[in-house]
Structure formats: C-alpha cells, structure tokens
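K.L.:
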C-alpha cells in the first residue's frame, strides 16, 4: 500500500536576500506571507537571482520516503507552463507516482528567502495548486493507502474548499491514518477549530509543526504555553524546535527528544519535511517513538548538509534565474 500525499505542488524560488528586502516587501522574518499575483510578481522581479526547484511540504516528505524505497503517490496541481516538466521530472526520479493533469493557472510558487543569518522567510502566490479538486484525486488510492500525509492548506483547495471534505470523508470511512502538517500561523488560527474537530473525531492521527506555527492552534504565544495545551488533544502531536530537538505529545504525556546540532548548516530548507519523512518511516515500521525520532533527525541532518529540500540525487532538477 502506498503512502499518499496531498498538498501544494509548489515551485520554490530559493534566493539569498537582505533583511531590508523583507522589510520592503512586508514579510515577517521567519514566517510566511500570502501575496496577490501582482505583489508576488514585483517581489520576484526584485530578486537578483534565484533557483527554481520543485517543492511543497508533503511533496518533499514523500520524496524523502520514496528515496528509501517506500511506495508513494502524490496528488497536487501543477500549472500548464514551463515549470510543469521540471516538477514531473523530479517526481519521476524519486519514483513518486504523480498523474494529475496540469491546471490552467500558473504553477504555484513560493519564494524561499534566506537572510545572511540563515533564517528562512516565505512569500507565496496561490496559482494552480489551490485548484486541486476531488476529481483530481483517485479515491481508490486514498482508500487503499497505508497513510495519508497532507497540509493545512488543504482546507482551501478546490471550489468552495470541497476537496478537504472529500479527503476527510474517504479517510474516515476507510480508517486511514491521517497526518497533517501545519506550516502557516495564519492558517493555524483560521482553522484551529476544524483541526481540533478532526482530532476529536479520530480522523486526524498526527499533527505536525514547529515551535513558531503550532502554538497558534491553541492560542499560545510561546512553546512553553503550547506544550501543556496540546496534552488533552485526541491526536498525537509532533512539535519540532530546530536544533533544540523535538517534542512528542501523546495521551497527555510530553516527551522531549534532543538532536545533535549541525555546525554551519549549508541549507535549512526542507529539513523539517525530511524530519517528518524519517519519523513516518519509523512509524510505518511500528518502531518506538525514540527510534522514529532518531531516524527523523538523521534524515534532517542529511538535508542540512546539502542545498536541496529533497534527498540529493545524481540528477538534480532546478532552473537558475
């Protein structure tokens, strides 16, 4: 049975910029900002140079799992443009099954803005990814999946946000483990009640996010406030904290797992996605949480030493602008 991913089929525009650039474009440092098409076009035009690389959180995690031989399938909408072949080629190299027709909008893009201190900030436009409809998703593949990995953005996919409803119904009917990654504080605040309802109904099995975004789900402003607030959630919670390790919250218990820091990391983009990939592979093998965390940290470390959000391959697909 495949691990099925549903999420943004983003093209990441990775650029090194100054703190002044963030101020000019009103992007909160370390966070994500949604932009209209015109504002994003202006930002892109202001970039001196960037690498266009296939991305998306769920997509990155699936590539990480596929690199270790896990059968995977991804559902996301790419645009009918110059980026389409780039995206499909990357999935092909990782042997991730991907057979969704291209949309009429431009491919969704996310500017990954790296300041001199290594901090990443994000700006994104909607584009084709947000048009993913129930008709684009093979419900038989969902029903037979060993696990479904998705993102908080799913709540706004498709006309009238009907894609999320269809996915959650199929997941519940077939009792498929559902993993949701929360990578946007604004979306966390917007959909906190719906996410909690999924957990209470037993549909959501694992909620994943970092110390900057997950606290928004429980109305907390800090990690210290958030940890106890998640103790009564019906789903497990995996909360990462960069080089300080990760927390696992399950059945009212909070456990901290330190990690070995990487000196002078070459890249941090995608480290969280590969941490999740490693953790889920351990979970699929029914390993103890400590073993899952150890393998997760190993997968994240491998990304920190390379300049890509996915495990390095001989053929790296990117376009330099």
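Numbering (full-length UniProt numbering), first residue to last: 1 to 321.
Positions of the beta carbon are idealized from the N, C-alpha and C atoms, including for glycine.
Name the DSSP bridge partner or partners of residue 16?
P.N.:
In the DSSP output, where bridge partners are listed per residue, residue 16 has 114.
K.L.:
When DSSP labels each residue in this structure, what does residue 24 get in the three-state scheme?
P.N.:
Note: residue 24 maps to helix in three-state DSSP.
K.L.:
Taking 8 Å as the cut-off, decide whether the C-beta atoms of residue 259 and residue 197 are in contact.
P.N.:
Contact flag unset, no.
K.L.:
Residue 208 and residue 179 look like a contact to me (Cβ under 8 Å); what is the Cβ gap, rounded to whole Å?
P.N.:
The Cβ separation is near 6 Å, so the contact holds.
K.L.:
Could you tell me whether the segment 155-171 touches the segment 46-65, using the rule of 3 or more Cβ pairs below 8 Å?
P.N.:
The segment 155-171, when compared against the segment 46-65, does not touch it at the 8 Å Cβ threshold.
K.L.:
To the nearest angstrom, how far is it from the Cα of residue 140 to the Cα of residue 6?
P.N.:
Taking the straight line from one Cα to the other gives about 14 Å.
K.L.:
Determine the extent of the beta strand (DSSP E) in which residue 165 is found, giving its start and end residues.
P.N.:
Run containing residue 165: none in the beta strand (DSSP E); it sits in the alpha helix (DSSP H), 162-174.
K.L.:
Would you list the one or two residues that DSSP bridges to residue 253?
P.N.:
BP columns for residue 253 point to 250.
K.L.:
Please report how far the alpha carbon of residue 255 lies from the alpha carbon of residue 38, in whole angstroms.
P.N.:
Computed Cα separation, rounded: 45 Å.
K.L.:
For residue 1, does the three-state DSSP call read helix, strand or coil?
P.N.:
In the structure shown, residue 1 sits in coil (DSSP, three-state: anything other than H, G, I, E or B).
K.L.:
Where does residue 58 land, buried or exposed, given buried means 16+ other C-beta within 10 angstroms?
P.N.:
So residue 58 counts as buried.
K.L.:
Closer than 7 Å by C-beta to residue 283: which residues in its own chain qualify, once you throw out the five before and the five after it? Chain order, please.
P.N.:
Taken in chain order, the residues that qualify are 292.
K.L.:
Report yes if the C-beta distance between residue 137 and residue 176 is below 8 Å; otherwise report no.
P.N.:
No, these two residues do not count as a Cβ contact at 8 Å.
K.L.:
Chain B beta carbons: is any one of them nearer than 8 Å to that of residue 184?
P.N.:
Among the chains of the structure shown, chain B does not appear; only one protein chain is present.
K.L.:
Could you check what DSSP says for residue 50 in three-state terms: helix, strand or coil?
P.N.:
Reduced to three states, the DSSP call for residue 50 is coil.
K.L.:
Residue 293 lies in the alpha helix (DSSP H); which residues open and close that run?
P.N.:
Residue 293 -> alpha helix (DSSP H) spans 289-304.
K.L.:
Taking the alpha carbon of residue 111 as the point to measure from, which residue in 35, 288 and 276 has its own alpha carbon closest?
P.N.:
Among 35, 288 and 276, the Cα nearest to that of residue 111 is on 35.
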